[in-house]
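Numbering (the working numbering), first residue to last: 68 to 531.
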């Protein structure tokens with residue numbers, strides 16, 4: 068009978084291509100399916116042929132980004148910490164970190180909901196809603212914040228699942244949320260006629276479903292984290308270690324929110340068709356971006372484990388493969404999306420003005436997507452290896468730089484400047500990430516000798 072291979076084998080001693088296939092391919096599949104999940108509600112709202120509703124869920128995109136970012140503060144910070152503990156053979160401490168991550172993410176989600184509901188009217192205006200879209204945007208925001216704890220929890224737990232290399236289980240969770248969304252979206256939006264409220268509720272319930280699956284896996288089937296729910300107290304120093312790495316996610320989110328608000332407020336000046344065009348284009352361009360994201364997110368545990376076990380050769384090899392694969396993915400899929408951009412845009416809107424504007428915006432965003440994968444890879448390497456300062460610098464630059472770029476380009480080039488501002492910012496941020504990576508790569512030369520082969524996890528008999 069064929070013996071099951073442990074996840075740690077892929078982190079520690081599997082051939083590199085085999086390790087990458089195991090860790091990243093399920094994530095890439097999951098992220099691709101996740102792209103469908105992210106466009107499902109826009110598709111069903113589009114069937115109502117109401118541009119104000121489509122604009123409202125576009126204006127509400129920053130809310131989901133905030134919830135996701137808080138989940139990733141705990142998930143990325145705690146998950147990479149758990150992986151480094153596995154690399155140091157300290158699974159007991161890994162359970163404590165995982166327990167803290169679980170409970171802290173729930174508390175954070177509930178606090179966010181309370182604060183948002185107390186300030187819902189100014190928040191709705193801040194999102195860029197005008198008289199025509201204010202009611203829809205407020206309804207969407209209220210519903211999403213009310214169930215937002217499920218989004219925070221889902222993203223935190225998903226990172227913990229991947230922390231030990233269980234990328235297939237991470238993919239299964241994404242499948243579950245997508246399947247639930249396919250059920251709830253038409254039910255709530257079309258059949259029950261809850262329109263934007265139904266879209267938000269479907270999103271929350273879909274995230275709750277995958278969070279329940281992740282919780283079951285971690286508590287019952289995880290190799291290193293079973294019983295983690297009984298652990299929740301950790302030292303202040305360990306909490307700071309989580310936030311040191313995780314804060315880059317929050318900083319990136321904070322500035323992304325500012326960027327999105329600026330984009331919404333500038334684009335709304337040119338009409339609802341421009342805002343709706345941005346919303347549709349943003350969802351379509353996620354296809355190549357999410358494929359690259361699936362690759363480097365799947366490899367974070369490999370980076371973290373190799374770094375913690377001082378296996379410089381394995382870490383360097385994994386990074387080289389990651390750079391080459393992301394280059395290939397970006398070029399191939401950006402070309403494909405660009406080639407079929409017209410038919411795809413027609414799936415979301417029958418408004419010719421939205422389709423025309425979306426086609427132009429999508430072209431600019433696909434150029435940005437060529438660089439986005441590398442920016443994300445640099446961030447992942449810094450997070451996985453505990454380089455909190457470098458990760459924060461990239462995150463802050465990506466957000467801060469966008470502010471003067473969009474203001475200046477709008478001033479001099481109008482709508483064209485607004486459309487291309489995101490692309491210019493992404494190119495510059497990616498170049499900065501490359502510079503910081505060169506400095507980090509020099510630091511790697513001082514990393515200790517390769518990990519002790521006696522600690523390697525051997526492949527079971529019959530495995531190649």
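Note that beta-carbon positions come from the ideal geometry of N, C-alpha and C, so glycine has one too.
Outcome for residue i when other beta-carbon atoms lying within 10 angstroms are tallied against a minimum of 16
i           : result
residue 184 : exposed
residue 81  : buried
residue 504 : buried
residue 357 : buried
residue 353 : buried
residue 355 : buried
residue 519 : For residue 519, the predicted model reports a pLDDT of 46, less than 50, meaning its position is unreliable and no value from the coordinates is stated.
residue 283 : exposed
residue 199 : exposed
residue 177 : exposed
residue 399 : exposed
residue 501 : exposed
residue 303 : exposed
residue 64  : Outside the shown range of the chain, which is 68 to 531, sits residue 64, and nothing can be said about it.
residue 252 : buried
residue 256 : buried
residue 214 : buried
residue 114 : exposed
Residues near residue i in its chain [Cβ-Cβ closer than 8 Å; skip 5 each side]
i           : result
residue 329 : 469, 470, 473 and 474
residue 173 : 216, 219 and 220
residue 459 : 314, 315 and 318
C-alpha distance - residue i paired with residue j, whole-angstrom precision
i           : j           : result
residue 510 : residue 309 : 22 Å
residue 270 : residue 123 : 15 Å
residue 467 : residue 493 : 12 Å
residue 403 : residue 211 : 33 Å
residue 334 : residue 326 : 12 Å
residue 182 : residue 194 : 16 Å
residue 166 : residue 141 : 11 Å
residue 456 : residue 420 : 44 Å
residue 190 : residue 180 : 12 Å
residue 246 : residue 273 : 8 Å
residue 297 : residue 133 : 28 Å
residue 160 : residue 393 : 34 Å
residue 249 : residue 413 : 20 Å
residue 337 : residue 377 : 54 Å
residue 491 : residue 435 : 8 Å
residue 411 : residue 351 : 8 Å
residue 295 : residue 149 : 11 Å
residue 391 : residue 397 : 10 Å
residue 276 : residue 112 : 22 Å
residue 227 : residue 454 : 19 Å
residue 359 : residue 407 : 19 Å
residue 530 : residue 75  : Because residue 530 carries a pLDDT of 40, less than 50, the predicted location of this residue cannot be relied on, and no value is offered for it.
residue 222 : residue 229 : 11 Å
Same chain, Cβ closer than 7 Å to residue i, neighbours up to 5 away in sequence not counted
i           : result
residue 497 : 438, 441 and 442
residue 389 : 362, 363, 366 and 444
residue 235 : 93
residue 197 : 335
residue 125 : 342, 343, 345 and 346
residue 130 : 208, 211 and 212
residue 369 : 78, 86, 90 and 385
residue 483 : none
Limits of the unbroken alpha helix (DSSP H) element including residue i
i           : result
residue 404 : 379-406
residue 151 : 128-154
residue 15  : Residue 15 is absent from the model: the chain starts at 68 and stops at 531.
residue 157 : Segment: none, residue 157 is in no alpha helix (DSSP H) and carries neither H nor E.
residue 252 : 234-252
residue 277 : 262-283
residue 448 : 419-451
residue 79  : 74-79
Cutoff 8 Å: residue i Cβ touching any chain B Cβ
i           : result
residue 337 : Absent from the structure: chain B. Only one protein chain is present.
Own chain, CB closer than 6 Å to residue i, minus 5 neighbours either side, in chain order
i           : result
residue 299 : 166, 167 and 170
residue 13  : The question about residue 13 has no answer here: the residues shown for the chain are numbered 68 through 531.
residue 292 : 162, 165 and 285
residue 449 : 457 and 458
residue 145 : 164, 168 and 309
residue 340 : 420, 421 and 424
residue 431 : 486, 487 and 490
residue 381 : 373
Cβ-heavy atom distance, residue i to the ligand FAD, below 7 Å
i           : result
residue 496 : Of the ligands one can find in the structure shown there are none, so the ligand FAD has no counterpart to examine.
Please give me, in chain order, every unbroken run of the beta strand (DSSP E) with length at least 3 that falls completely inside the stretch 186-220. Restricted to the stretch 186-220, not a single beta strand (DSSP E) segment is unbroken, complete and at least 3 residues in length.
Tell me the start and end of each unbroken alpha helix (DSSP H) in the stretch 330-355 that is at least 4 residues and wholly inside, in chain order. Counting whole runs of 4 or more residues, the stretch 330-355 contains the alpha helix (DSSP H) stretches 339-351.
Give the list of continuous alpha helix (DSSP H) stretches no shorter than 4 residues that lie fully inside the stretch 464-516. Entirely contained in the stretch 464-516, the alpha helix (DSSP H) runs reaching 4 residues are, in chain order, 469-480 and 482-511.
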